[in-house]
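Below is one structure, written out as C-alpha cells; comments come after it.
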Amino acid sequence: MSGIVEEYTMVIRVFDLKRGYFRLTLAPFSKVRSIRPGQFIHVKVPNCGVYFRRAFSVYDVDRQNRSIDIVFKVLGRGTAALARVCRGESMNILGPLGSGFTMPSRRETAVLVAGGIGMPPMYLLARCLVEKGFNPEKILFFYGGNERGDLVDLARIRKLGTKVIPATVDGSYGFKGMVTDAVAEALAAGPGRVRMYACGPEPMLRTIDEMAKLKEIPGQVSLEAPMPCGIGICLGCIKPLREGGYTRVCRDGPVYEMGKVII
Amino acid sequence: MTPDLSVEIAGTKFNNPILTASGTCGYGEELADVFNLSELGGIVTKTITLMPRAGHPPPRIAEASAGMLNAIGLANVGVDRFIEEKLPFLEKYDTRVVVNIAGWRMKDYVDLAARLTDCQRADMVELNFSCPNVEMGMEIATNAALAEKAVAAVKKVFPRPVIAKLSPNVTDIAEIARACEAGGADALSLINTLVGMAVDIETYYPRLTNNTGGLSGPAIKPVALAMVHKVYQAVEIPIIGIGGIADYGDVIEFFLCGAAAVQIGTSLFVEPTAPIKIMKDLKKYLSERGLRNIRELTGQVRTYQ
C-alpha cells in the first residue's frame, strides 16, 4: 500500500514557454523514481479560490534532484494561478496517479502522436524508451498544433534523437494540416510493425483510434478529463466504455488500449 | 497523557470520531492506497442498491465556490457483488463499517438490510433517504410519516444499529429527525447535500446532465452546523455531523453543536489524507486544553440568550 503520496514540494523553476504555455519544476517529490510515462500528479493550486486540485501529466523527471516537470497552458482560473506561482513557493501534490504506457517491443516502430498540450506524456515516453535502449530512429514523434506557438520545447524533444514530425493547421511550421493527416501519410509509407501512442484533444484521439482500428495497429491513448479527486473515489471523470458501462479516467486510465473507450 | 478520541454510538465503540462519508470513499479500496484504513473511526460505503447502477452520464461533477455539485446517480455494484467482492476487502482493517443503502420503495430498504443481516462486517447500516439526485429517495426524506415507517421496517430485520441520514432539503429537519427517532433509529447523520445548480453561460446548458445536483464541501458547513444544532435539541439519539469538514476546527464545531461523531466527505477529494491530519490536530487541541476525551465536547456550544 501507500503507492500514492500527498506531499509538499517547492517550485524550483517557472519557465514561460510563451503564448500561454508554461513549464514548472517541482521538487523534491519522494516517489519520483516510481513514476511511469503516462502517469500524472494532482496539484493543489495555491491562493486562487479554485476548490479542486488540477491534474497534469508528468512531462519530465530528474531522479537525482527528485524533481518533476509539468507543462501546461493557461486555460482557466486554476492554470492562470499556476502561471503566477513564484520560485520557492510551496505546493502540495498528490501522486503518482493513474496507469502508464506499456512499452513497445524492439521489433516495432513507436509512433507517438502529441496534440497541443497532450505533448508532455509523449515526451516522457520517448525519453524513457531512449533510455531503455530503444532505437531513437524507430520512434516517430508527431507533434501537432494550430500554429507554431503551440509546439513548445521542440528543441528538447529533438535532443532525444527521435524523428520529430511537427505539424501545424495553419502551416506556419512543419507539415501543413492536421497532425493525424501527417500520421496517415507516414503509415501509408509502410513503416513496418507499428505501435501507436497518442495524447491530445479528443477529435485527434478519435481519429487516431479509428485509424488504429482500421489498420489493426495496436497502441494506447491517454485521455483527459476534469478530475476532482484523481484517485478513483469521486466517480466524476468517467468515460463510456465500448463494452458498456463507464471507466474512471483517473484510476482505470488515463492510458487505455486503443478502441477500449468511446472517445 | 494522550487524549481519548474514541466515541460510542448506539453501544458500538469507534476508535475515533472520524468516518468517511458515503459516496466519497468508494468501498475503501482506493483510499487504502493512500493511508491505512485502520486509522479511521469508520468507513461509510458508497450507497448500495439492490441492483447494480451505472449512474448518470457525464458530466456528473461541477466545481463550485468552496465546494462542488454532484449528480453521480448512485453508481454502485449492487448488493450481491458488494457482499461477495467489496465487503471482504474491509475484513483486515480495524475500523467500523457502515453500509449505506438506498431504494426506490420501502421494501427495497428492508430487502437490502435483510441481505446485510448475516454480514457481520457490516457493523451498521445508514439509510440514504436523502440523495437529491434520484426521485424516490427524496419522498421518504421529506415525509416524516414515511421516514418513521421506513426506519421501523428496517429495524425489524436488521439486528445491529441503524442510522438515518437526513436531507437538508426540507422545511423542518427537526420534524424528520424526531420521526426517525420514533421509528427506532439508533443514530442520525446529517446533512446530505443541498440541491443546487450551475449553468454554462456559453452553451446555456446546466453543468450536470442531471440538470441539478447536490452541493457539498466547505460551502455547506454553516448550514450543516445550524441543522445539527437544531436536531440536537430535538432528539435524544446520537448525531453524526456531516457537511464541509476540512480540518480539526470544523470537527470541534460540529461536536460543540451536538455531534457525537463526524463524517468527512468532499474534503477527501482535495486532501485524501485529511482524516489523518485532523486526528493529529484534534489530539493537540484536546491536550492543550486539558481535555481527556472528545466526547465531553458534544453539545457544549454556548448560545446567546
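Same order as they appear, the protein sequences are chains A and B. Per my numbering, the very first residue in the first sequence carries number 1354; after that it's consecutive. Per my numbering, the very first residue in the second sequence carries number 862; after that it's consecutive. We put the beta carbon where it would ideally sit given N, CA and C, even for glycine. All values derive from a computational prediction rather than experimental measurement.
Since residue 1137 of chain B and residue 1119 of chain B should fall inside the 8 Å C-beta cutoff, what is the C-beta to C-beta distance between them, to a whole number of angstroms?
With 8 Å as the limit, residue 1137 of chain B and residue 1119 of chain B do not qualify as a contact, their Cβ atoms being about 25 Å apart.
Could you check if residue 1026 of chain B is buried or exposed, using at least 16 other CB atoms within 10 Å of its CB as the buried criterion?
buried
Kindly indicate if chain B contains any beta-carbon less than 8 Å away from that of residue 1388 of chain A.
no
Grouping DSSP H, G and I as helix and E and B as strand, with all else coil, what is residue 1026 of chain B?
strand
With the cut-off set at 8 Å, would you say residue 1575 of chain A and residue 1391 of chain A are in Cβ contact?
yes
Under DSSP, the alpha helix (DSSP H) around residue 1114 of chain B begins and ends at which residues?
1109–1118
Contact list for the stretch 1090–1120 of chain B against chain A, Cβ threshold 7 Å
none
Kindly say whether residue 964 of chain B, judged by its beta-carbon, lies nearer than 8 Å to any beta-carbon of chain A.
no
If contact is defined by three or more beta carbon pairs under 8 Å, each pair taking one atom from either stretch, is the stretch 1478–1493 of chain A in contact with the stretch 882–893 of chain B?
no
What is the DSSP secondary structure of residue 1171 of chain B, counted as helix, strand or coil?
Residue 1171 of chain B lies beyond the range of chain B shown here (862 to 1166); nothing can be said about it.
Taking the beta carbon of residue 1158 of chain B as the centre, do at least 16 other beta carbons fall within 10 Å, making it buried, or is it exposed?
buried
Just checking, does the stretch 897–912 of chain B make contact with the stretch 959–977 of chain B on the three C-beta pairs under 8 Å criterion?
yes
Since residue 1581 of chain A and residue 1393 of chain A are thought to touch, with beta carbons under 8 Å apart, how far apart are those beta carbons, to the nearest angstrom?
No, residue 1581 of chain A and residue 1393 of chain A are not in contact; Cβ-Cβ is about 14 Å, not under 8 Å.
Inspect the CB distances between the stretch 1068–1084 of chain B and the stretch 1092–1106 of chain B and report whether three or more fall short of 8 Å.
yes
May I ask you to list the residues that DSSP assigns as paired with residue 1487 of chain A?
Its beta-bridge partners do not exist; DSSP assigns none.
I'd like the list of long-range same chain contacts for residue 1504 of chain A, defined as Cβ closer than 6 Å, with 5 residues on each side in sequence excluded.
1496, 1498 and 1519
Measure the C-alpha to C-alpha separation of residue 1005 of chain B and residue 1032 of chain B and round it to an integer number of angstroms.
11 Å
Hey, out of A:1538, A:1523 and A:1500, whose CA is closest to residue 1469 of chain A's CA?
A:1500
Using the C-alpha atoms, what's the distance from residue 1098 of chain B back to residue 1145 of chain B?
28 Å
Going by the CB atoms, is the gap between residue 1550 of chain A and residue 1326 of chain A shorter than 8 Å?
Shown here, chain A extends from 1354 to 1616; a query on residue 1326 of chain A therefore has no answer.
Any idea what DSSP makes of residue 1582 of chain A, helix, strand or coil?
coil
Excluding five sequence neighbours on each side, which residues of the same chain lie with their C-beta closer than 6 Å to the C-beta of residue 1407 of chain A?
1396, 1398 and 1431
Could you work out which residue in B:1029, B:1091, B:949 and B:879 is closest to residue 1160 of chain B when comparing CA atoms only?
B:1091
Collapsed DSSP secondary structure at residue 1354 of chain A in the structure displayed
Reliability fails at residue 1354 of chain A, whose pLDDT of 39 lies under 50, so the model's placement of it is uncertain and the value that follows must be treated cautiously. Residue 1354 of chain A falls in the coil class under three-state DSSP.
With 8 Å set as the bound, which would you pick, yes or no: does the beta-carbon of residue 891 of chain B sit closer than that to a beta-carbon of chain A?
yes
Rounded to whole angstroms, what is the Cα-Cα separation between residue 891 of chain B and residue 1166 of chain B?
47 Å
Terminal residues of the continuous alpha helix (DSSP H) containing residue 1007 of chain B?
1005–1018
8 Å Cβ cutoff, residue 1577 of chain A in contact with chain B
no
Rounded to whole angstroms, what's the CA-CA distance from residue 1564 of chain A to residue 1526 of chain A? Just pull it up for me.
24 Å
Thinking C-alpha only, which one of A:1456, A:1446 and A:1459 is nearest residue 1377 of chain A?
A:1446
What first and last residue would you give for the alpha helix (DSSP H) that runs through residue 973 of chain B?
967–977
Using 10 angstroms around the beta-carbon of residue 1354 of chain A, count the other beta-carbons present and answer buried if the total reaches 16, otherwise exposed.
Confidence is the limiting factor: at residue 1354 of chain A the pLDDT is only 39, short of 50, which leaves the residue's position unreliable and the question unanswerable from this model.
In the DSSP output, what is residue 1060 of chain B paired with across the bridge?
B:1067
For residue 867 of chain B, which residues in the same chain have their Cβ closer than 7 Å to its Cβ, ignoring the five residues on either side in sequence?
874, 875, 876 and 877
Taking Cβ positions, are residue 1153 of chain B and residue 865 of chain B nearer each other than 8 Å?
yes
Taking residue 1179 of chain B and residue 1095 of chain B to be in contact with their CB atoms under 8 Å, please state how far apart those CB atoms are, rounded to whole angstroms.
The question about residue 1179 of chain B has no answer here: the residues shown for chain B are numbered 862 through 1166.
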